[in-house]
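Presented below is the structure to which this report refers.
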Amino acid sequence: MALKMRYLELNRKVRDARMLAIQGIAEAGSGHPGASFSAAEIMGVLYFHKMKHRPSDPLWEERDYFINSKAHSAPGFYAVLSIAGYIDSKEIKTLRKLGSRLQGHPVRYSERQKNHSFPGIEYSGGSEGIGLSVSIGIALAKKRDGEKNRVYTLIGDGESNEGQIWEAAMAASKFRLDNLVAILDRNMIQQDGFTEEIMPLDPVRDKWAAFNWNVVEVNGHKIEQIIDALSRIEKVEDKPSIIIANTTKGKGIKHMANNPQWHGKAPPKKHVPILLEELQSEILIAPSIIAGEPENYEEKVRRAERAGADLIHLDIMDGKFVPTTSFFADTIKHLRKISSIPFDAHLMIEKPVNHVEDYIDAGCDIVTVHVEACNEMEFVEINKMLLKAGISPGIAINPGTQFPSWLIEHLDNIDVMIIMSVNPGFAGQKFIPESLDKMAGTVKILKSNNYKGFIEADGGIDATTLQQVFDAGARIMVAGNAVYGSPDINSNIIQLRHKANVAIETKLLELATINDMRSDWIKSRKNMLIPLARELGIEEDLHAIK
(Lines of atoms letter the chains of each structure in order from A and count residues from 1; the text may use other names and numbers.)
(Lines give C-alpha, C1' and ligand atoms only; values in the text may rest on other atoms or scores of the structure.)
Protein backbone atom coordinates (compact mmCIF):
# COMPACT_ATOMS: atom_id res chain seq x y z
CA MET A 1 0.00 0.00 0.00
CA ALA A 2 1.11 3.58 -0.62
CA LEU A 3 0.99 6.14 2.20
CA LYS A 4 -0.82 8.66 -0.09
CA MET A 5 -0.12 11.72 2.02
CA ARG A 6 -2.04 14.93 1.34
CA TYR A 7 -0.29 17.84 -0.40
CA LEU A 8 0.39 20.02 2.64
CA GLU A 9 1.11 16.98 4.81
CA LEU A 10 3.63 15.76 2.24
CA ASN A 11 5.17 19.22 2.00
CA ARG A 12 5.61 19.28 5.78
CA LYS A 13 7.08 15.76 5.90
CA VAL A 14 9.68 16.65 3.27
CA ARG A 15 10.65 19.64 5.41
CA ASP A 16 10.87 17.34 8.44
CA ALA A 17 13.16 15.00 6.48
CA ARG A 18 15.56 17.86 5.77
CA MET A 19 15.49 18.81 9.45
CA LEU A 20 16.28 15.26 10.55
CA ALA A 21 19.04 14.88 7.98
CA ILE A 22 20.87 18.07 8.96
CA GLN A 23 20.72 17.08 12.64
CA GLY A 24 22.27 13.71 11.84
CA ILE A 25 24.99 15.22 9.66
CA ALA A 26 25.91 17.84 12.27
CA GLU A 27 25.99 15.21 15.02
CA ALA A 28 28.26 12.99 12.91
CA GLY A 29 30.51 15.85 11.86
CA SER A 30 30.41 14.53 8.30
CA GLY A 31 27.95 13.61 5.60
CA HIS A 32 26.35 14.99 2.46
CA PRO A 33 23.74 17.70 3.01
CA GLY A 34 23.77 18.88 -0.61
CA ALA A 35 22.55 15.64 -2.19
CA SER A 36 20.22 14.87 0.72
CA PHE A 37 18.45 18.18 0.21
CA SER A 38 18.34 18.19 -3.59
CA ALA A 39 16.61 14.79 -3.58
CA ALA A 40 14.28 15.41 -0.61
CA GLU A 41 11.10 15.97 -2.63
CA ILE A 42 11.91 13.05 -4.94
CA MET A 43 12.33 10.55 -2.11
CA GLY A 44 9.45 12.12 -0.19
CA VAL A 45 6.99 11.70 -3.05
CA LEU A 46 8.07 8.10 -3.58
CA TYR A 47 7.82 7.00 0.06
CA PHE A 48 5.01 9.25 1.27
CA HIS A 49 2.73 9.15 -1.76
CA LYS A 50 3.57 6.85 -4.65
CA MET A 51 5.36 3.60 -3.84
CA LYS A 52 3.67 0.49 -2.57
CA HIS A 53 5.51 -0.47 0.62
CA ARG A 54 4.87 -1.54 4.20
CA PRO A 55 7.16 -0.28 6.96
CA SER A 56 5.68 -2.98 9.20
CA ASP A 57 6.52 -5.64 6.58
CA PRO A 58 9.56 -4.36 4.64
CA LEU A 59 9.96 -7.59 2.65
CA TRP A 60 6.33 -7.64 1.49
CA GLU A 61 6.40 -9.42 -1.87
CA GLU A 62 4.15 -6.89 -3.62
CA ARG A 63 6.29 -3.90 -2.64
CA ASP A 64 7.83 -1.48 -5.10
CA TYR A 65 11.61 -1.20 -4.98
CA PHE A 66 13.70 1.92 -4.39
CA ILE A 67 17.35 1.73 -5.42
CA ASN A 68 19.39 4.71 -4.24
CA SER A 69 22.26 4.69 -6.71
CA LYS A 70 23.46 8.16 -5.60
CA ALA A 71 24.05 6.67 -2.19
CA HIS A 72 25.85 9.66 -0.66
CA SER A 73 22.35 11.11 -0.17
CA ALA A 74 22.12 8.56 2.67
CA PRO A 75 21.29 11.07 5.46
CA GLY A 76 18.24 12.28 3.54
CA PHE A 77 17.32 8.70 2.64
CA TYR A 78 17.48 7.60 6.29
CA ALA A 79 15.42 10.62 7.32
CA VAL A 80 12.69 9.76 4.79
CA LEU A 81 12.69 6.11 5.91
CA SER A 82 12.40 7.25 9.52
CA ILE A 83 9.41 9.48 8.81
CA ALA A 84 7.83 6.68 6.76
CA GLY A 85 8.05 4.45 9.84
CA TYR A 86 11.03 2.15 9.24
CA ILE A 87 13.17 3.37 12.15
CA ASP A 88 12.82 5.68 15.15
CA SER A 89 13.76 9.28 14.35
CA LYS A 90 16.14 9.32 17.33
CA GLU A 91 18.40 6.86 15.51
CA ILE A 92 19.42 9.58 13.03
CA LYS A 93 21.76 10.91 15.74
CA THR A 94 23.85 7.71 15.34
CA LEU A 95 24.68 8.50 11.70
CA ARG A 96 28.17 7.31 10.73
CA LYS A 97 29.04 6.31 14.28
CA LEU A 98 30.78 3.07 15.20
CA GLY A 99 28.23 0.28 15.47
CA SER A 100 25.43 2.33 13.89
CA ARG A 101 22.99 0.86 11.39
CA LEU A 102 23.13 4.21 9.58
CA GLN A 103 26.44 4.18 7.76
CA GLY A 104 27.79 6.85 5.41
CA HIS A 105 26.40 4.89 2.48
CA PRO A 106 23.40 2.56 2.83
CA VAL A 107 23.97 -1.17 3.26
CA ARG A 108 21.44 -3.65 1.88
CA TYR A 109 19.68 -5.41 4.72
CA SER A 110 20.34 -9.09 5.33
CA GLU A 111 20.70 -11.29 8.39
CA ARG A 112 24.47 -11.12 7.94
CA GLN A 113 24.40 -7.31 7.78
CA LYS A 114 21.68 -6.71 10.37
CA ASN A 115 24.06 -4.76 12.62
CA HIS A 116 24.93 -2.37 9.79
CA SER A 117 21.54 -1.93 8.14
CA PHE A 118 17.80 -2.29 8.68
CA PRO A 119 14.87 -3.79 6.73
CA GLY A 120 13.76 -1.50 3.93
CA ILE A 121 17.18 -0.83 2.37
CA GLU A 122 17.33 -2.76 -0.91
CA TYR A 123 20.79 -1.82 -2.19
CA SER A 124 24.33 -1.29 -0.90
CA GLY A 125 25.48 1.99 -2.43
CA GLY A 126 28.77 3.83 -2.61
CA SER A 127 30.36 2.79 -5.88
CA GLU A 128 28.99 5.18 -8.48
CA GLY A 129 27.04 4.09 -11.53
CA ILE A 130 25.99 0.62 -10.40
CA GLY A 131 22.48 1.14 -9.05
CA LEU A 132 20.76 1.33 -12.44
CA SER A 133 22.22 -2.05 -13.43
CA VAL A 134 20.95 -3.60 -10.20
CA SER A 135 17.54 -2.07 -10.86
CA ILE A 136 17.43 -3.62 -14.31
CA GLY A 137 18.05 -7.05 -12.81
CA ILE A 138 15.16 -6.62 -10.36
CA ALA A 139 12.82 -5.15 -12.99
CA LEU A 140 13.62 -7.87 -15.52
CA ALA A 141 13.04 -10.64 -12.98
CA LYS A 142 9.71 -9.16 -11.90
CA LYS A 143 8.58 -8.68 -15.49
CA ARG A 144 9.46 -12.26 -16.49
CA ASP A 145 7.66 -13.60 -13.43
CA GLY A 146 4.55 -11.62 -14.38
CA GLU A 147 4.65 -9.58 -11.17
CA LYS A 148 3.49 -5.96 -10.95
CA ASN A 149 6.22 -4.49 -8.74
CA ARG A 150 7.75 -1.27 -10.02
CA VAL A 151 11.40 -0.30 -9.56
CA TYR A 152 12.37 3.32 -8.89
CA THR A 153 16.03 4.30 -9.16
CA LEU A 154 17.59 7.56 -8.02
CA ILE A 155 20.72 8.44 -9.99
CA GLY A 156 23.02 11.45 -9.81
CA ASP A 157 24.30 13.66 -12.60
CA GLY A 158 27.85 13.24 -11.31
CA GLU A 159 27.63 9.45 -11.43
CA SER A 160 26.28 9.77 -14.96
CA ASN A 161 29.93 10.22 -15.99
CA GLU A 162 30.21 6.46 -15.49
CA GLY A 163 29.98 4.32 -18.62
CA GLN A 164 27.98 1.69 -16.76
CA ILE A 165 25.02 4.08 -16.55
CA TRP A 166 24.82 4.18 -20.33
CA GLU A 167 25.37 0.44 -20.75
CA ALA A 168 22.46 -0.06 -18.37
CA ALA A 169 20.40 2.45 -20.34
CA MET A 170 20.86 0.33 -23.47
CA ALA A 171 19.95 -2.87 -21.64
CA ALA A 172 16.77 -1.46 -20.07
CA SER A 173 15.58 -0.35 -23.49
CA LYS A 174 16.42 -3.71 -25.07
CA PHE A 175 14.34 -5.56 -22.47
CA ARG A 176 11.47 -3.04 -22.72
CA LEU A 177 11.35 -2.53 -18.97
CA ASP A 178 8.25 -0.40 -18.58
CA ASN A 179 8.25 -1.29 -14.87
CA LEU A 180 11.50 0.66 -14.38
CA VAL A 181 11.61 4.40 -13.59
CA ALA A 182 14.93 6.19 -13.22
CA ILE A 183 14.96 9.64 -11.62
CA LEU A 184 17.95 11.85 -12.37
CA ASP A 185 18.72 14.33 -9.59
CA ARG A 186 19.94 17.06 -11.94
CA ASN A 187 21.46 19.44 -9.39
CA MET A 188 24.40 20.35 -11.69
CA ILE A 189 27.06 19.75 -8.99
CA GLN A 190 29.29 16.77 -8.28
CA GLN A 191 32.04 16.13 -5.77
CA ASP A 192 34.66 18.46 -7.22
CA GLY A 193 32.61 21.17 -8.90
CA PHE A 194 29.90 21.92 -11.43
CA THR A 195 29.00 19.05 -13.74
CA GLU A 196 29.09 21.06 -16.94
CA GLU A 197 32.67 22.16 -16.24
CA ILE A 198 33.90 18.68 -15.33
CA MET A 199 32.10 16.47 -17.86
CA PRO A 200 29.15 18.10 -19.62
CA LEU A 201 25.98 16.02 -19.45
CA ASP A 202 23.71 18.17 -21.59
CA PRO A 203 21.79 17.71 -23.78
CA VAL A 204 20.82 15.05 -21.24
CA ARG A 205 17.19 14.78 -22.34
CA ASP A 206 18.22 14.04 -25.92
CA LYS A 207 20.74 11.43 -24.77
CA TRP A 208 18.17 9.40 -22.84
CA ALA A 209 15.64 9.75 -25.65
CA ALA A 210 18.27 8.41 -28.07
CA PHE A 211 18.50 5.28 -25.91
CA ASN A 212 14.73 4.86 -26.47
CA TRP A 213 13.65 5.85 -22.98
CA ASN A 214 10.46 7.77 -22.26
CA VAL A 215 11.74 11.09 -20.91
CA VAL A 216 9.86 13.52 -18.65
CA GLU A 217 11.41 16.72 -17.29
CA VAL A 218 10.20 18.42 -14.08
CA ASN A 219 11.15 20.87 -11.37
CA GLY A 220 12.44 18.39 -8.80
CA HIS A 221 11.32 20.57 -5.90
CA LYS A 222 7.70 20.81 -7.05
CA ILE A 223 5.88 17.92 -5.41
CA GLU A 224 2.93 18.19 -7.76
CA GLN A 225 5.13 17.94 -10.87
CA ILE A 226 6.83 14.78 -9.60
CA ILE A 227 3.47 13.19 -8.75
CA ASP A 228 2.05 14.13 -12.15
CA ALA A 229 5.09 12.72 -13.98
CA LEU A 230 4.94 9.42 -12.08
CA SER A 231 1.23 9.10 -12.83
CA ARG A 232 1.75 9.68 -16.56
CA ILE A 233 4.62 7.21 -16.66
CA GLU A 234 2.34 4.43 -15.43
CA LYS A 235 0.57 4.56 -18.80
CA VAL A 236 3.79 4.05 -20.82
CA GLU A 237 4.28 0.59 -22.30
CA ASP A 238 7.29 -1.32 -23.67
CA LYS A 239 10.00 1.16 -22.69
CA PRO A 240 11.66 2.36 -19.48
CA SER A 241 11.11 5.91 -18.25
CA ILE A 242 13.36 8.54 -16.76
CA ILE A 243 12.36 11.71 -14.94
CA ILE A 244 14.93 14.48 -15.27
CA ALA A 245 14.36 16.32 -12.00
CA ASN A 246 15.96 19.76 -12.16
CA THR A 247 17.00 20.50 -8.59
CA THR A 248 19.21 22.73 -6.46
CA LYS A 249 21.92 21.11 -4.41
CA GLY A 250 21.49 22.09 -0.76
CA LYS A 251 17.91 23.32 -1.34
CA GLY A 252 16.40 24.73 1.85
CA ILE A 253 19.53 26.24 3.44
CA LYS A 254 20.47 29.35 1.47
CA HIS A 255 24.23 29.34 2.01
CA MET A 256 24.39 25.66 1.08
CA ALA A 257 22.24 26.00 -2.04
CA ASN A 258 24.07 25.59 -5.36
CA ASN A 259 27.40 25.64 -3.53
CA PRO A 260 29.89 22.83 -4.32
CA GLN A 261 31.56 23.36 -0.92
CA TRP A 262 28.53 21.73 0.72
CA HIS A 263 28.69 18.51 -1.27
CA GLY A 264 30.15 16.61 1.67
CA LYS A 265 30.53 19.07 4.53
CA ALA A 266 28.82 19.13 7.91
CA PRO A 267 27.62 22.37 9.53
CA PRO A 268 28.81 23.23 13.05
CA LYS A 269 26.53 21.73 15.69
CA LYS A 270 26.00 25.18 17.19
CA HIS A 271 24.36 26.31 13.93
CA VAL A 272 21.73 23.56 13.99
CA PRO A 273 18.99 25.50 15.87
CA ILE A 274 19.25 28.33 13.32
CA LEU A 275 19.26 25.91 10.38
CA LEU A 276 16.14 24.20 11.73
CA GLU A 277 14.47 27.60 12.08
CA GLU A 278 15.35 28.40 8.47
CA LEU A 279 13.82 25.16 7.24
CA GLN A 280 10.64 25.85 9.22
CA SER A 281 10.48 29.39 7.88
CA GLU A 282 9.90 28.53 4.22
CA ILE A 283 7.22 30.79 2.76
CA LEU A 284 4.71 29.67 0.12
CA ILE A 285 3.28 32.32 -2.21
CA ALA A 286 -0.37 31.77 -3.23
CA PRO A 287 -1.71 34.27 -5.81
CA SER A 288 -5.47 34.84 -5.63
CA ILE A 289 -6.87 34.81 -9.15
CA ILE A 290 -9.96 36.92 -8.40
CA ALA A 291 -7.67 39.96 -8.09
CA GLY A 292 -6.71 42.27 -10.95
CA GLU A 293 -8.51 42.18 -14.28
CA PRO A 294 -11.85 40.34 -14.10
CA GLU A 295 -12.04 36.70 -15.15
CA ASN A 296 -9.39 35.36 -17.57
CA TYR A 297 -8.58 32.84 -14.86
CA GLU A 298 -6.83 30.42 -17.19
CA GLU A 299 -4.21 32.97 -18.19
CA LYS A 300 -3.77 34.07 -14.57
CA VAL A 301 -3.03 30.50 -13.48
CA ARG A 302 -0.53 29.98 -16.30
CA ARG A 303 1.28 33.26 -15.67
CA ALA A 304 1.51 32.70 -11.91
CA GLU A 305 2.86 29.19 -12.43
CA ARG A 306 5.49 30.43 -14.88
CA ALA A 307 6.48 33.12 -12.36
CA GLY A 308 7.14 30.49 -9.68
CA ALA A 309 4.03 30.66 -7.50
CA ASP A 310 3.74 27.78 -5.04
CA LEU A 311 -0.07 27.54 -4.94
CA ILE A 312 -3.07 29.05 -6.68
CA HIS A 313 -5.59 30.50 -4.23
CA LEU A 314 -9.20 30.07 -5.33
CA ASP A 315 -11.73 32.32 -3.59
CA ILE A 316 -15.16 30.69 -3.86
CA MET A 317 -17.87 33.23 -2.97
CA ASP A 318 -21.58 32.45 -3.16
CA GLY A 319 -23.18 35.87 -2.66
CA LYS A 320 -24.80 34.58 0.54
CA PHE A 321 -22.11 33.92 3.13
CA VAL A 322 -20.37 36.95 1.62
CA PRO A 323 -22.01 39.65 -0.52
CA THR A 324 -19.98 38.90 -3.66
CA THR A 325 -20.14 36.01 -6.14
CA SER A 326 -16.98 34.70 -7.83
CA PHE A 327 -16.89 31.22 -9.40
CA PHE A 328 -17.63 27.64 -8.42
CA ALA A 329 -16.45 24.05 -8.85
CA ASP A 330 -17.09 23.90 -12.61
CA THR A 331 -14.55 26.67 -13.20
CA ILE A 332 -11.97 24.91 -11.03
CA LYS A 333 -12.55 21.64 -12.89
CA HIS A 334 -11.71 23.41 -16.14
CA LEU A 335 -8.61 25.06 -14.66
CA ARG A 336 -7.40 21.72 -13.30
CA LYS A 337 -6.93 20.49 -16.88
CA ILE A 338 -4.31 23.14 -17.68
CA SER A 339 -2.00 22.87 -14.67
CA SER A 340 -0.78 20.56 -11.91
CA ILE A 341 0.04 23.46 -9.55
CA PRO A 342 -1.68 22.89 -6.18
CA PHE A 343 -5.13 24.47 -5.91
CA ASP A 344 -5.92 26.09 -2.56
CA ALA A 345 -9.72 26.47 -2.46
CA HIS A 346 -11.14 28.88 0.11
CA LEU A 347 -14.89 28.26 0.42
CA MET A 348 -16.68 31.43 1.47
CA ILE A 349 -20.09 29.81 1.11
CA GLU A 350 -23.10 28.86 3.20
CA LYS A 351 -23.47 25.23 4.28
CA PRO A 352 -20.12 24.02 2.87
CA VAL A 353 -20.95 20.50 4.09
CA ASN A 354 -23.47 20.30 1.23
CA HIS A 355 -20.98 21.36 -1.44
CA VAL A 356 -17.52 20.12 -0.46
CA GLU A 357 -17.76 16.99 -2.64
CA ASP A 358 -18.01 19.25 -5.70
CA TYR A 359 -14.61 20.73 -4.86
CA ILE A 360 -13.13 17.30 -4.22
CA ASP A 361 -14.29 16.21 -7.68
CA ALA A 362 -12.98 19.44 -9.22
CA GLY A 363 -9.39 18.51 -8.30
CA CYS A 364 -8.58 20.82 -5.40
CA ASP A 365 -5.52 19.95 -3.30
CA ILE A 366 -6.53 22.04 -0.28
CA VAL A 367 -10.08 22.90 0.77
CA THR A 368 -10.70 25.41 3.55
CA VAL A 369 -14.10 26.17 5.07
CA HIS A 370 -15.07 28.97 7.45
CA VAL A 371 -15.63 28.28 11.11
CA GLU A 372 -18.49 30.79 10.86
CA ALA A 373 -20.21 28.63 8.18
CA CYS A 374 -20.31 25.29 9.97
CA ASN A 375 -20.72 23.85 13.45
CA GLU A 376 -18.45 21.23 14.94
CA MET A 377 -20.51 18.28 13.71
CA GLU A 378 -20.57 19.62 10.16
CA PHE A 379 -16.84 20.35 10.25
CA VAL A 380 -16.10 16.78 11.34
CA GLU A 381 -18.15 15.49 8.41
CA ILE A 382 -16.35 17.82 5.98
CA ASN A 383 -13.00 16.81 7.43
CA LYS A 384 -13.73 13.11 6.98
CA MET A 385 -14.69 13.61 3.34
CA LEU A 386 -11.51 15.56 2.61
CA LEU A 387 -9.21 13.14 4.42
CA LYS A 388 -10.78 10.17 2.64
CA ALA A 389 -10.16 11.89 -0.70
CA GLY A 390 -6.53 12.68 0.17
CA ILE A 391 -7.13 16.43 0.26
CA SER A 392 -5.63 18.81 2.82
CA PRO A 393 -8.40 20.18 5.09
CA GLY A 394 -8.34 23.76 6.31
CA ILE A 395 -10.35 26.08 8.53
CA ALA A 396 -10.65 29.88 8.20
CA ILE A 397 -11.39 32.43 10.92
CA ASN A 398 -12.68 35.95 10.27
CA PRO A 399 -11.18 39.03 12.00
CA GLY A 400 -14.11 39.37 14.38
CA THR A 401 -14.35 35.70 15.37
CA GLN A 402 -12.74 34.28 18.49
CA PHE A 403 -10.81 31.02 18.22
CA PRO A 404 -13.41 28.29 18.89
CA SER A 405 -12.34 25.90 21.64
CA TRP A 406 -13.86 22.89 19.86
CA LEU A 407 -11.17 23.12 17.17
CA ILE A 408 -8.50 21.99 19.64
CA GLU A 409 -9.38 18.30 19.51
CA HIS A 410 -9.38 18.32 15.69
CA LEU A 411 -5.98 19.97 15.12
CA ASP A 412 -4.29 16.71 14.08
CA ASN A 413 -6.58 16.60 11.05
CA ILE A 414 -6.27 20.23 9.98
CA ASP A 415 -3.43 20.94 7.54
CA VAL A 416 -3.90 24.70 7.31
CA MET A 417 -5.56 27.49 9.25
CA ILE A 418 -6.39 30.76 7.50
CA ILE A 419 -6.35 33.80 9.78
CA MET A 420 -8.21 36.47 7.81
CA SER A 421 -6.66 39.94 7.85
CA VAL A 422 -9.64 41.47 6.03
CA ASN A 423 -13.35 40.81 6.22
CA PRO A 424 -14.02 38.30 3.43
CA GLY A 425 -16.05 39.00 0.33
CA PHE A 426 -14.12 41.56 -1.71
CA ALA A 427 -10.76 41.64 -3.49
CA GLY A 428 -8.34 44.50 -2.87
CA GLN A 429 -9.26 45.35 0.73
CA LYS A 430 -6.80 47.04 3.05
CA PHE A 431 -4.98 45.00 5.67
CA ILE A 432 -6.47 45.18 9.19
CA PRO A 433 -3.49 45.84 11.54
CA GLU A 434 -5.36 44.45 14.56
CA SER A 435 -5.35 41.03 12.88
CA LEU A 436 -1.65 40.69 13.73
CA ASP A 437 -2.34 40.36 17.45
CA LYS A 438 -5.07 37.87 16.71
CA MET A 439 -2.78 35.83 14.47
CA ALA A 440 0.02 35.83 17.05
CA GLY A 441 -2.43 34.82 19.79
CA THR A 442 -3.89 32.04 17.66
CA VAL A 443 -0.42 30.74 16.83
CA LYS A 444 0.38 30.67 20.55
CA ILE A 445 -2.74 28.56 21.22
CA LEU A 446 -1.87 26.24 18.34
CA LYS A 447 1.74 25.75 19.43
CA SER A 448 0.67 24.99 22.98
CA ASN A 449 -1.50 22.23 21.53
CA ASN A 450 1.30 20.86 19.29
CA TYR A 451 -0.30 21.94 16.02
CA LYS A 452 1.94 20.93 13.11
CA GLY A 453 0.05 22.42 10.17
CA PHE A 454 0.43 25.71 8.31
CA ILE A 455 -0.81 29.21 9.13
CA GLU A 456 -2.09 31.08 6.09
CA ALA A 457 -2.44 34.87 5.90
CA ASP A 458 -5.21 36.12 3.62
CA GLY A 459 -6.16 39.75 3.04
CA GLY A 460 -4.08 42.79 2.16
CA ILE A 461 -0.82 40.84 1.93
CA ASP A 462 1.80 42.76 -0.03
CA ALA A 463 5.40 43.94 0.23
CA THR A 464 4.51 46.24 3.15
CA THR A 465 2.68 43.65 5.28
CA LEU A 466 4.37 40.34 4.48
CA GLN A 467 7.08 40.59 7.13
CA GLN A 468 4.51 41.50 9.78
CA VAL A 469 2.36 38.43 9.17
CA PHE A 470 5.49 36.28 8.90
CA ASP A 471 6.59 37.47 12.34
CA ALA A 472 3.09 36.66 13.63
CA GLY A 473 3.47 33.07 12.39
CA ALA A 474 2.10 32.87 8.82
CA ARG A 475 3.98 30.75 6.27
CA ILE A 476 1.47 30.71 3.39
CA MET A 477 0.86 34.15 1.91
CA VAL A 478 -2.26 34.79 -0.17
CA ALA A 479 -1.51 37.73 -2.46
CA GLY A 480 -4.11 39.20 -4.78
CA ASN A 481 -3.45 42.75 -5.96
CA ALA A 482 0.20 42.39 -4.93
CA VAL A 483 0.52 39.87 -7.78
CA TYR A 484 -2.19 40.78 -10.29
CA GLY A 485 -2.50 44.51 -9.60
CA SER A 486 0.04 45.34 -12.32
CA PRO A 487 0.88 43.52 -15.57
CA ASP A 488 4.37 42.31 -14.59
CA ILE A 489 3.39 39.30 -12.50
CA ASN A 490 6.92 37.90 -12.56
CA SER A 491 8.40 41.06 -11.01
CA ASN A 492 5.58 41.21 -8.47
CA ILE A 493 6.28 37.68 -7.24
CA ILE A 494 10.03 38.37 -7.21
CA GLN A 495 9.35 41.38 -4.97
CA LEU A 496 7.29 39.24 -2.58
CA ARG A 497 10.07 36.62 -2.53
CA HIS A 498 12.57 39.35 -1.73
CA LYS A 499 10.47 40.57 1.19
CA ALA A 500 10.11 36.97 2.34
CA ASN A 501 13.91 36.57 2.28
CA VAL A 502 14.36 39.74 4.32
CA ALA A 503 11.80 38.50 6.85
CA ILE A 504 13.50 35.12 7.18
CA GLU A 505 17.03 36.54 7.41
CA THR A 506 15.92 39.03 10.05
CA LYS A 507 14.52 36.20 12.15
CA LEU A 508 17.66 34.09 11.74
CA LEU A 509 19.91 37.01 12.69
CA GLU A 510 17.86 37.58 15.82
CA LEU A 511 18.25 33.92 16.75
CA ALA A 512 21.99 34.01 16.05
CA THR A 513 22.35 37.10 18.24
CA ILE A 514 20.41 35.50 21.10
CA ASN A 515 22.71 32.46 20.87
CA ASP A 516 25.85 34.65 20.86
CA MET A 517 26.96 33.66 17.36
CA ARG A 518 25.95 36.67 15.29
CA SER A 519 29.38 37.27 13.71
CA ASP A 520 29.93 33.59 13.04
CA TRP A 521 26.51 33.25 11.42
CA ILE A 522 26.96 36.33 9.22
CA LYS A 523 30.36 35.05 8.13
CA SER A 524 28.86 31.70 7.09
CA ARG A 525 26.33 33.49 4.84
CA LYS A 526 28.35 36.56 3.87
CA ASN A 527 27.97 36.30 0.09
CA MET A 528 24.22 35.95 0.16
CA LEU A 529 23.72 38.59 2.86
CA ILE A 530 25.63 41.35 1.06
CA PRO A 531 22.69 42.26 -1.26
CA LEU A 532 20.41 42.51 1.79
CA ALA A 533 22.87 44.38 4.02
CA ARG A 534 21.08 47.73 4.08
CA GLU A 535 17.63 46.25 4.72
CA LEU A 536 19.02 44.02 7.47
CA GLY A 537 21.15 46.78 8.99
CA ILE A 538 24.33 44.68 8.93
CA GLU A 539 26.73 46.85 6.89
CA GLU A 540 29.09 47.28 9.85
CA ASP A 541 28.94 43.57 10.68
CA LEU A 542 29.98 42.70 7.14
CA HIS A 543 32.82 45.24 7.11
CA ALA A 544 34.14 43.74 10.35
CA ILE A 545 34.47 40.28 8.78
CA LYS A 546 37.92 39.66 7.35
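Counting with the working numbering, you get residues 972 to 1517 for the letters of the sequence shown.
Each residue gets a CB set at the ideal place from its N, CA and C atoms; glycine is no exception.
Cβ neighbours of Met-1159 within its own chain (closer than 8 Å, five residues either side excluded): Asp-1128, Phe-1165, Thr-1166, Glu-1167, Lys-1220 and Asn-1229. Runs of beta strand (DSSP E) with 3 or more residues, each lying fully within the region 1107-1191, are found at 1122-1127, 1151-1157 and 1185-1190, listed in chain order.
Note on geometry: alpha-carbon atoms of Asp-1173 and Ala-1216 lie some 14 Å from one another. Straight across, the Cα-Cα distance linking Glu-1349 with Ile-1058 is about 38 Å. Taking one beta carbon from each stretch, the region 1433-1452 and the region 1239-1248 have fewer than 3 pairs nearer than 8 Å; the two do not touch. Ala-1055 counts as buried, since no fewer than 16 other beta carbons sit within 10 angstroms of its beta carbon.
In chain order, Ala-973, Leu-974, Lys-975, Met-976, Leu-981 and Ile-1198 place their CB closer than 7 Å to the CB of His-1020, counting only its own chain and leaving out the 5 sequence neighbours on each side.
Apart from the 5 residues on each side of it in sequence, Asn-1132 sits with its Cβ closer than 6 Å to the Cβ of Met-1170 in its chain, given in chain order. DSSP, read as helix, strand or coil, puts Ala-1428 in strand. Following the DSSP letters along the chain, one finds Ala-1237 in no beta strand (DSSP E), marked with neither H nor E.
Segment contact: the region 1285-1300 against the region 1321-1333, three or more CB-CB distances shorter than 8 Å; contact assigned. By DSSP's assignment, Val-1449 forms a beta bridge with Ala-1257 and Asp-1429.
In the three-state reduction of the DSSP assignment, Asn-1384 falls in the helix class, which pools H, G and I.
Within 10 angstroms of the beta-carbon of Ile-1107 lie 16 or more other beta-carbons, which makes it buried. Take the alpha-carbon of Ala-1200 and the one of Asn-1183: they are about 18 Å apart. Under the 10 Å beta carbon count, Asn-1463 is surrounded by 16 or more other beta carbons and is classified as buried. When rounded, the separation of the alpha-carbon atoms in Met-1288 and Glu-1249 is 35 Å. DSSP, reduced to helix, strand and coil, places Asn-982 within a helical segment of the structure shown. With fewer than 16 other Cβ atoms inside 10 Å of its own Cβ, Thr-1372 counts as exposed. In this structure Arg-1121 is buried. Its beta-carbon is surrounded by 16 or more other beta-carbon atoms within 10 angstroms. If only complete runs of 3 or more residues are kept, the region 1445-1503 shows the beta strand (DSSP E) at 1447-1450, in order along the chain. Shown here, Tyr-1080 sits in coil according to DSSP, grouped into three states, outside any helix or strand. If you check the CB distance, Val-1051 and Tyr-1094 do not come in under 8 Å. The DSSP-derived three-state label of Gly-1365 is strand.
Cβ contact annotation for Glu-1033 (same chain, cutoff 7 Å, sequence separation greater than five): Lys-1023 and Asn-1120, in chain order. Residue range 1406-1419 is occupied by the alpha helix (DSSP H) that includes Ser-1406, with no beta strand (DSSP E) assigned at that position. Annotation: Ser-1311 to Ile-1194 spans about 10 Å, alpha carbon to alpha carbon. A direct Cα-to-Cα measurement between Leu-1507 and Thr-1477 gives close to 6 Å.
Looking at the backbone, the Cα of His-1043 and that of Val-1272 are separated by about 38 Å.
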